[in-house]
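Sequential numbering of the sequence shown, starting at 1, is according to my numbering.
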Amino acid sequence: MAGDLWEQVVSWEPQKGPQTAFVTSRVFEVVYGGARGGGKTDAALGDFARHAQTYAAAARGLLVRRTRTALEPTIERAKEIFGPDGAVWHDQKSRFSWPSGAVLYFRHLDRDADAELYQGHSYSRVYVEELTQFASPAPVNKLKATLRSPEGVPCGFRATCNPGGPGHNWVKARYIDPGPYELITEDGLTRIFIPARLADNPRLLVNDPAYVARLKQSGSAELVRAWLEGDWSVIEGSFFDKWSARNIIPPFRIPQFWSRMRSFDWGYAAPFSVGWWTVVSEATACGDVVLPRGALVRYREWYGSNGRANEGLRLDAEAVAAGILEREAEERSRYEKIGFAVADPSIFRQDGGPSIGERLRRAGVGFRPADNTRVGKAGALSGWDQMRSRIAGTSEGPMLAVFDTCRDFIRTVPALQHDPMRMEDLDTNGEDHIADETRYACLARPMIARPRPVPTKADDAWTREWGRGTSWKTPRSW
Ligand SMILES: Nc1ncnc2c1ncn2[C@@H]1O[C@H](COP(=O)(O)OP(=O)(O)O)[C@@H](O)[C@H]1O
Ligand SMILES: [Mg+2]
């Protein structure tokens, strides 16, 4: 098709810099992300105006957002941009159509499963606005599969996004981490990330000079920096907002007499998570960080994910038990004493045959049902509060720390978001399995001030007690 060569005349003009790069790119997948007000939505709409101009009736576009409400302002802006080209909005069909026959559908995907409805459709352009609102790439991939053109139009996927949101992690890993304007080719398909900064949208700054001042008043210094610069290392509204570098410590040899426990969140299609914890017996310096007495330290983990965001290994209970025993074997031969083990209480539910909990126990890995309180009633410190206050710690140091080898914890937990409908709870659209399992561990050992342990003689007796690894008993001196 000779369309590529036509002179493109549409009323909307891209601004210099990233908007121009976005609308002229021939790359299959282009993600434009970063600052709020950077001109991303305008660029997406302008891109389709040009596409429609070039390919006429062969231009078939789909623009998707998470919610209908979020679509409204985009539709209003689209009327301004497409109107001068003669495009008309049809409210019932929720689409624009051009006199040339080009069409652009506006849709929202309330549920990930709604992406199935597009199977068999063909589009030459798919736009996803606010890509980070999608917790997993699965529905987005289904939309991508609709990109094909019987007329031979070069098809393309285009997305816009801001840092933060339930999909922050996978979007950052796939598009942002490789670097801006870095062309990646995978399975014959190309992709590129274009960073958005507010400074690239002088139009907005001229039309609305107070915009930056308003932004600055609407969030913390870090958040405003993320919005202005499009900084992906700052996470908007993270649930564990007190998480910091002092919660990550280099591994050390755990004294033999320290108590240990294991916590578990079951998953099959979704990841499972096993965490191994020790309780600091005596304030311990660890690099620059002091671990106060009673702090929980995650010294090992096993995250049952197949490497794709929020997808599990699909192992049965027996295989998980074998994996746990294998990971404990080395220490068991010396002194691992898992004094206590807690798991997601739902694994003890019977559903016909033996429960998952029972099967694990038969395979040699016992758990007790964990306290599954997420949110405390009227002032009670429970569930997430416990975990957050442990992460925040005391002036002495953090009451929850993880060895820097616990990569999946470090990757997922600090990035988790608030549930937008229920701020005191975590957004369960995120990858929350490790956080759940950590919450069980926190509730198993409530944070209470304890007197110093009785010295050596009692410690020896204590060590023998732990050495048997049979039951969890709190030494009387605690
Ligand atoms: N190329 C352009 N031409 C005219 N106005 C623009 C252009 N790009 C951006 N703007 C203005 O900047 C505003 C903010 O841009 P928008 O695309 O909504 O930002 P983002 O989606 O990155 O938050 C738009 O509503 C529009 O008024
Ligand atoms: Mg936008």
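For every residue, glycine included, the Cβ atom is placed at its ideal position computed from N, Cα and C.
Being a predicted model, the structure only gives us computed values, none of them experimental.
- Are three or more beta carbon pairs between the region 39 to 48 and the region 185 to 205 nearer than 8 angstroms? yes
- Shortest alpha-carbon distance to TRP312 belongs to which of HIS51, GLY267, ARG260, LEU71? In the sequence on display, residue 312 carries Gly and not Trp. The residue with the shortest Cα to Cα distance from GLY312 is GLY267.
- Inter-residue Cα distance where the pair is ARG65 and PRO255: 52 angstroms
- Task: List the whole-angstrom C-beta distance separating LEU62 from TYR32, where the pair is believed to meet the contact cut-off of C-beta under 8 angstroms.
- Result: Not a contact, Cβ separation roughly 17 angstroms.
- Under a Cβ-count criterion, where at least 16 other Cβ atoms within 10 Å of its own Cβ denotes burial, should GLY120 be classed as buried or exposed? Result: exposed.
- Message: Looking at ligand 1, does it come within less than 8 angstroms of ASP15, judged from the CB to the closest heavy atom?
- Response: Reading off the sequence, residue 15 comes out as Gln, not Asp. Correct: GLN15 has its Cβ closer than 8 angstroms to ligand 1.
- Message: So for MET387, helix, strand or coil by DSSP?
- Response: helix
- Message: Would the region 16 to 28 count as touching the region 114 to 133 if we require 3 or more Cβ pairs under 8 angstroms?
- Response: With a cut-off of 8 angstroms, the region 114 to 133 and the region 16 to 28 do not count as touching, because too few Cβ pairs lie within range.
- Message: Here's a check: name, in chain order, each residue in its chain whose Cβ is nearer than 7 angstroms to the Cβ of THR20, leaving out the five neighbours to either side.
- Response: PRO14
- Query: SER263 by DSSP, collapsed to three states: which one?
  - Reply: Strand, per DSSP.
- Assuming TRP232 contacts ILE176 under a Cβ cut-off of 8 angstroms, what Cβ separation, rounded to an integer in Å, is found between them? Indeed they touch by this definition, with Cβ atoms about 5 angstroms apart.
- Item | Any alpha helix (DSSP H) of 4 or more consecutive residues that is wholly inside the region 169 to 248 | 202 to 207, 211 to 217, 221 to 229
- Would you tell me roughly how many angstroms separate the C-alpha atoms of ARG298 and SER395, rounded to the nearest one? Those two C-alpha atoms are separated by around 20 angstroms.
- Can you pull every residue whose C-beta falls closer than 6 angstroms to some heavy atom of ligand 2, listed in chain order? Every residue whose Cβ sits closer than 6 angstroms to any heavy atom of ligand 2 is listed here in chain order: LYS40, THR41, THR160.
- Query: Count the other CB atoms within 10 Å of the CB of LYS79; is the residue buried (16 or more) or exposed (fewer)?
  - Reply: exposed
- Grab me the residues of GLY364's own chain with a C-beta within less than 7 angstroms of its C-beta, minus the 5 sequence neighbours each way, in chain order. ALA321, LEU325
- Query: Helix, strand or coil: how does DSSP classify ILE254 here?
  - Reply: coil
- Item | Status (buried if at least 16 other CB within 10 Å, exposed otherwise) for ASP91 | exposed
- Tell me which same chain residues have a C-beta within less than 6 angstroms of the C-beta of GLY397, skipping the five on either side of it? VAL289, VAL290, LEU291, PRO292
- Query: Can you check whether the CB of TRP384 is closer than 9 angstroms to the CB of ARG439?
  - Reply: Yes; because the gap between Cβ atoms is below 9 angstroms, this pair is in contact.
- Item | LEU315 - DSSP class collapsed to helix/strand/coil | coil
- Query: So who's on the other strand from PHE48, going by DSSP bridges?
  - Reply: PHE48 pairs with nothing; no bridge assigned.
- Item | Straight-line Cα distance separating CYS286 from PRO455 | Low confidence applies to PRO455: its pLDDT is 43, below 50, so where it sits in the model is not reliable enough to give any reading.
- Using three-state DSSP, classify LEU123 as helix, strand or coil. Here residue 123 is Tyr; the residue named in the question, Leu, does not match the sequence. Three-state DSSP puts TYR123 in a strand.
- Message: Can you tell me whether VAL23 is helix, strand or coil according to DSSP?
- Response: Helix.
- Task: Return yes when the C-beta of ASN207 is under 8 angstroms from any heavy atom of ligand 1, and no when it is not.
- Result: yes
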